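Colleague: First the structure, which I've put down as structure tokens, then a few questions once you've had a look.
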Amino acid sequence: MPDRALYPVPPEWAGRAHVDAAGYERLYRASLEDADAFWLEQAKRLDWVKAPTVAGNWSFDEADFGIKWFEDGVLNVSVNCIDRHLATRGDETAIIWEPDSPDGEGRRFTYRELHGEVCRFANVLKAQGVAKGDRVTIYLPMIPEAAFAVLACARIGAIHSVVFGGFSPEALAGRIEDCDSKIVVTADEGCRGGRRVPLKANVDEAAKRAPSLEKVLVVRATGADVPMTGGRDVWFHDAAAGVDTDCPPEPMNAEDPLFILYTSGSTGKPKGVLHTTGGYLLWASLTHHWCFDYRPGEVWWCAADIGWVTGHSYIVYGPLANGATTLMHEGVPNWPDASRIWQIVDKYEVDTLYTSPTALRSLMKEGEAPVKATSRKSLKLLGSVGEPINPEAWRWYHDVAGDGRCPIVDTWWQTETGGVLIAPLPGATDLKPGSATKPLPGVAPELVDAEGQVLEGAADGNLVLTRSWPGQMRTVWGDHDRFFQTYFSTYKGKYFTGDGCRRDEDGYYWITGRVDDVINVSGHRMGTAEVESALVAHPKVAEAAVVGMPHEVKGQGIYAYVTLNAGVEASDDLRDELCKWVRREIGPIATPDALQFAPGLPKTRSGKIMRRILRKIAEGDVGSLGDTSTLADPAVVDDLVENRVTR
Ligand code: WTA
């Protein structure tokens, strides 16, 4: 394949897409010039109990800080995702579920069946005492019940907090306690890549550290024998027996909370990102429509986990609001072999696949044969999310996976943004491998330097957003001040994304990665501070510093420097023990890829760890450590360089 820098919109896309190039320009201009009228018009794609008369009401300034959208509107999210489709497509498939094992039996639910399942789930929650505004923690595998559970919460106005099934009991307990959740919905076990995940056992562990927890509702998934605690644990199938499959939807104000999702920041413990009802749903629906050009009858597959924001917005809310057929896969893309993802594409004739660069890189390693063994002729469009996609992976996705036929939609966004903010529209935007291209309507990016000076034209800087959009998070659960301080205090009057970014001569945006102490491991956000505090919680550890390092498949890996307590001997066994410890404290995704014992860490005379130096050493870039003379003890650097590790 020739190496083309620009991939123009294919003519058939320009002709058939919802939005073409001129349409994009028009929408973008209208969204900024007459924002209120624009958003009230867009809001009509939802079904409102009471339509809103106001659009955005927000300020990023400290004096009158606050974000509201459609504040006098009333609606119910589950009605928008289910009930309103019943008359027109009640018998069409809403959810296709493909189990972890290719030998397992899949499940399918029409919109009408989904309605019954969600209502029943909602009635079970109510019977367990869940009321509007209560927090429901969901710790489920990727089974259809995960979608039923979130939609059931939305139906009755409860606030869900989904915790990724890969998180440890410790991490789960912290999230249950932070939002004072009295109920956890879980399953006996989950399945992932042929392995069992002991979810119920993890909840039992977490419960010891989460006094707010009163009830555990357990879905039978694998049939494993799990102990049940009397008075606390309830089998879902028992609670659901004979329960009504109709449940009246709770009318919600547009600004009522819909969900909390915990995500890592550069400091402290994970924060509970709060999304509300009207603006979030509109953003999820609209971006799914714009970016992926969904059409009735198509099969949509977002291969994320529902434990991450991508799963919320693009497995459940966006696609279902648009009446789509959404595919849920319980497992991983490369198990039992590297063909699995493409076999699923063929099995269900998937039209659009949305996955992560890390998944692509793990498949690339296996060569083209596993891809070419499948047809993939159903594919029309390919999406990417979670981290910068390197041009090599982009071209492989385009040329090998998509046979050169399918536009690549590289979508930049964050848990905080609710949905995609910067991405090409397949009928409107010429593509450049590695660039998320241009802002969606209503999105106003700016690049600033460290001092906050706005950079014009082609430039490299920190990415900020100068306007609110409906899908923006509204607060950090229980800590509104932290919300302001984290995102709006660095650059006055602007939302700071934490990402570095380059804008080229054509106005295309190229996200270069986090500029704060957040690392992106396999597309999963991890705060270095979290891993550090897990390490120092170990009785043999005195101090720890964690940085990202380049990793061929994961994008970034975790490199930990550990100073042991006096008298403790460093050894390979201890290294393994510490890695296992972190895994147990946070979860497998936080396991260090490399761990170096460091007699000392490079610190300034005021005691601040010089992470810049640690990053360089982890990267193997030891020739350009810069000025180390300001260090309290410059000699520690030589030791670190000399004893650099690769695992
Ligand atoms: C990174 C995931 C480059 C970015 C939806 C962001 C990306 C963080 C892209 C958010 C992309 C996500 N190109 N970088 N297409 N998508 N990121 O909250 O650093 O898990 O700030 O949301 O992932 O991660 P989060």
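Residue numbers (UniProt numbering): 1 to 647.
Even glycine gets a Cβ: it sits at the ideal position worked out from N, Cα and C.
Computed from a predicted model, the values in this text were never measured in an experiment.
(1) Only counting runs of 3 or more residues, tell me where the beta strand (DSSP E) segments fall wholly within the segment 335-396, in order along the chain.
(2) Rounded to a whole number of angstroms, what is the C-alpha to C-alpha distance between T630 and N520?
(3) So is L199 buried or exposed if we call it buried at 16+ other beta carbons inside 10 Å?
(4) Compare the C-alpha of W39 against each of R474, T411, F496 and E71 and name the closest.
(5) Starting from F597 and walking both ways along the alpha helix (DSSP H), at which residues does that stretch end?
(6) Locate the beta strand (DSSP E) running through residue 703, then write down its first and last residues.
(7) Under DSSP, the alpha helix (DSSP H) around L601 begins and ends at which residues?
(8) If I'm right that E255 touches K44 with Cβ under 8 angstroms, what's the distance once you round it to whole angstroms?
(9) Give me the Cα-Cα distance between A87 and K372, rounded to the nearest whole angstrom.
(10) Let's test the definition: count the other Cβ atoms within 10 Å of the Cβ of A5 and tell me whether it reaches 16, buried, or not, exposed.
(11) Within 10 angstroms of the Cβ of E446, are there 16 or more other Cβ atoms? Answer buried if so, exposed if not.
(12) Just to check, is the beta-carbon of V124 closer than 6 angstroms to a non-hydrogen atom of the ligand WTA?
(13) Using 8 angstroms for Cβ pairs, my map puts A240 next to V124. What's the rounded Cβ distance?
(14) Classify P99 as helix, strand or coil using the three-state DSSP reduction.
(15) Leaving out five residues before and five after M1 in sequence, what residues of the same chain have Cβ atoms less than 6 angstroms from its Cβ?
(16) Would you decide whether R174 is buried or exposed? Buried here means 16 or more other CB atoms lie within 10 Å of its CB.
(17) Using DSSP with H/G/I as helix, E/B as strand and the rest coil, what is D638?
(18) Which word fits Y491, buried or exposed, when buried means at least 16 other C-beta atoms lie within 10 angstroms of its C-beta?
(19) By alpha-carbon positions, which one of G278, N253, A537 and T326 ends up nearest to M142?
(20) In the structure shown, what three-state DSSP assignment does V219 receive?
(21) Reducing DSSP to helix, strand and coil, say where W477 ends up.
(22) Candidates Y508, A537 and D481: which alpha carbon is nearest D61's?
(23) State yes or no: is the C-beta of E41 nearer than 6 angstroms to some heavy atom of the ligand WTA?
(24) Could you check whether the Cβ of I558 sits closer than 6 angstroms to any heavy atom belonging to the ligand SAH?
(25) At a threshold of 6 angstroms, does R525 count as lining the ligand WTA (C-beta to nearest heavy atom)?
(26) Skipping 5 residues on each side, what residues in its chain have a beta carbon closer than 7 angstroms to that of H289?
(27) Got a sec? Which residues, its chain only, sit under 7 angstroms from R503 by beta carbon, not counting five neighbours each side?
(28) Would you tell me roughly how many angstroms separate the C-alpha atoms of I609 and D246, rounded to the nearest one?
(29) In the DSSP assignment, find the beta strand (DSSP E) that holds F109 and state where it starts and stops.
(30) Given that a residue counts as buried once 16 or more other Cβ atoms are within 10 Å of its Cβ, and exposed if not, what is D351?
(31) According to DSSP, is Y314 helix, strand or coil?
(32) Give the straight-line distance between the Cα atoms of L258 and V476, rounded to the nearest whole angstrom.
(33) Mind checking whether V568 and G600 have CB atoms under 7 angstroms apart?
(34) Closest to L640 by C-alpha separation, out of E145, K616 and T222, would be which residue?
(35) Tell whether a beta-carbon distance below 7 angstroms holds between H160 and I138.
(36) Would you check if the segment 89-99 and the segment 520-534 touch, i.e. whether three or more CB-CB distances between them fall below 8 angstroms?
Modeller: Let's see:
(1) Here the runs fully enclosed are 352-355 and 381-385.
(2) Taking the sequence shown and counting its residues from 1, one reaches residue 630 at position 630. Taking the sequence shown and counting its residues from 1, one reaches residue 520 at position 520. In a straight line, the C-alpha of T630 is about 30 angstroms away from that of N520.
(3) Locating residue 199 in the sequence shown gives position 199, where the first residue counts as 1. Flag for L199 reads buried.
(4) Counted from its first residue, the sequence shown places residue 39 at position 39. Restricting attention to R474, T411, F496 and E71, the CA atom closest to the CA of W39 is found in E71.
(5) In the sequence shown, the residue the question calls residue 597 occupies position 597. It is not in any alpha helix (DSSP H) - F597 instead sits in the beta strand (DSSP E) that spans A594 to F597.
(6) In the structure as shown, the chain starts at 1 and stops at 647, and residue 703 therefore has no counterpart that could be examined.
(7) For the purposes of this step, residue 601 is taken as the residue at position 601 of the sequence shown. Premise fails: L601 is in no alpha helix (DSSP H) and is neither H nor E.
(8) Counted from its first residue, the sequence shown places residue 255 at position 255. Counted from its first residue, the sequence shown places residue 44 at position 44. Rounded to the nearest angstrom, the Cβ distance from E255 to K44 is 19 angstroms, too far for a contact under 8 angstroms.
(9) Here residue 87 refers to the residue found at position 87 of the sequence shown. Here residue 372 refers to the residue found at position 372 of the sequence shown. Their backbone Cα atoms lie some 41 angstroms apart in a straight line.
(10) Reading the sequence shown from its first residue, position 5 is the one you call residue 5. Per the 10 Å Cβ criterion, exposed.
(11) What you label residue 446 is simply residue 446 of the sequence shown in a count that begins at 1. Flag for E446 reads buried.
(12) Along the sequence shown, read from residue 1 onward, the residue named residue 124 stands at position 124. For the ligand WTA, not one heavy atom lies less than 6 angstroms from the Cβ of V124.
(13) Position 240 of the sequence shown holds residue 240. Position 124 of the sequence shown holds residue 124. Contact annotation, A240 with V124: C-beta distance approximately 5 angstroms; criterion of less than 8 angstroms satisfied.
(14) Position 99 of the sequence shown, counted from the start, is the residue given in the question as residue 99. DSSP places P99 in the coil class of the three-state scheme, outside both helix and strand.
(15) Indexing the sequence shown from 1 puts residue 1 at position 1. Residue placement at M1 cannot be trusted, given a pLDDT of 39 that sits under 50; what the coordinates show is reported in the next sentence. Excluding residues up to 5 positions away in sequence, D399 lie with their Cβ nearer than 6 angstroms to the Cβ of M1 in the same chain.
(16) Position 174 of the sequence shown, counting from 1, holds the residue named residue 174. Here the sequence assigns Gly to residue 174, which means Arg is not the residue at that position. The residue is buried, with at least 16 neighbouring Cβ atoms inside 10 Å.
(17) Looking up residue 638 in the sequence shown gives position 638. In the structure shown, the three-state DSSP call for D638 is helix.
(18) Along the sequence shown, read from residue 1 onward, the residue named residue 491 stands at position 491. It counts as buried.
(19) Working through the sequence shown from its first residue, we reach residue 142 at position 142. Across the set G278, N253, A537 and T326, the C-alpha of T326 shows the shortest separation from the C-alpha of M142.
(20) In the sequence shown, counting from the first residue as 1, residue 219 sits at position 219. For V219, the three-state secondary structure derived from DSSP is strand.
(21) Residue mapping note: residue 477 aligns to position 477 of the sequence shown, counting from 1. Secondary structure of W477 (DSSP, three-state): coil.
(22) Locating residue 61 in the sequence shown gives position 61, where the first residue counts as 1. Nearest in C-alpha terms to D61, of all of Y508, A537 and D481, is D481.
(23) Here residue 41 refers to the residue found at position 41 of the sequence shown. For the ligand WTA, not one heavy atom lies less than 6 angstroms from the Cβ of E41.
(24) For the structure depicted, the ligand SAH is absent and the ligand set comprises only the ligand WTA.
(25) If you number the sequence shown from 1, residue 525 lands on position 525. At least one heavy atom of the ligand WTA is nearer than 6 angstroms to the Cβ of R525, so yes.
(26) Within the sequence shown, residue 289 is the residue found at index 289, counting from 1. Once the five neighbours on either side are set aside, the close Cβ partners of H289 are H18 and N322.
(27) Counted from its first residue, the sequence shown places residue 503 at position 503. Same-chain partners within the cutoff: L447, A458, A459 and Y509.
(28) On the sequence shown, residue 609 is found 609 positions in, with the first residue counted as 1. On the sequence shown, residue 246 is found 246 positions in, with the first residue counted as 1. Going by the C-alpha atoms only, they are around 58 angstroms apart.
(29) To locate residue 109, count along the sequence shown from 1; it is residue 109. Looking at the DSSP string, the run of the beta strand (DSSP E) that includes F109 is R107 to T110.
(30) Reading the sequence shown from its first residue, position 351 is the one you call residue 351. Here D351 is buried: its Cβ has 16 or more other Cβ atoms, across all protein chains shown, within 10 Å.
(31) Counting from 1 along the sequence shown, the entry for residue 314 is found at position 314. For Y314, the secondary structure class from DSSP, reduced to helix, strand or coil, is helix.
(32) Taking the first residue of the sequence shown as 1, we reach residue 258 at position 258. Taking the first residue of the sequence shown as 1, we reach residue 476 at position 476. Each residue's Cα considered, the two are about 13 angstroms apart.
(33) Taking the sequence shown and counting its residues from 1, one reaches residue 568 at position 568. Taking the sequence shown and counting its residues from 1, one reaches residue 600 at position 600. No. Outside cutoff.
(34) Walking along the sequence shown from the start, residue 640 turns up at place 640. If we check each option's Cα against that of L640, K616 comes out closest.
(35) The sequence position of residue 160 within the sequence shown is 160, counting from 1. The sequence position of residue 138 within the sequence shown is 138, counting from 1. It is a contact, given that the beta carbons lie within the stated cut-off.
(36) Counting C-beta pairs closer than 8 angstroms gives fewer than three between the segment 520-534 and the segment 89-99, which falls short of the contact rule.
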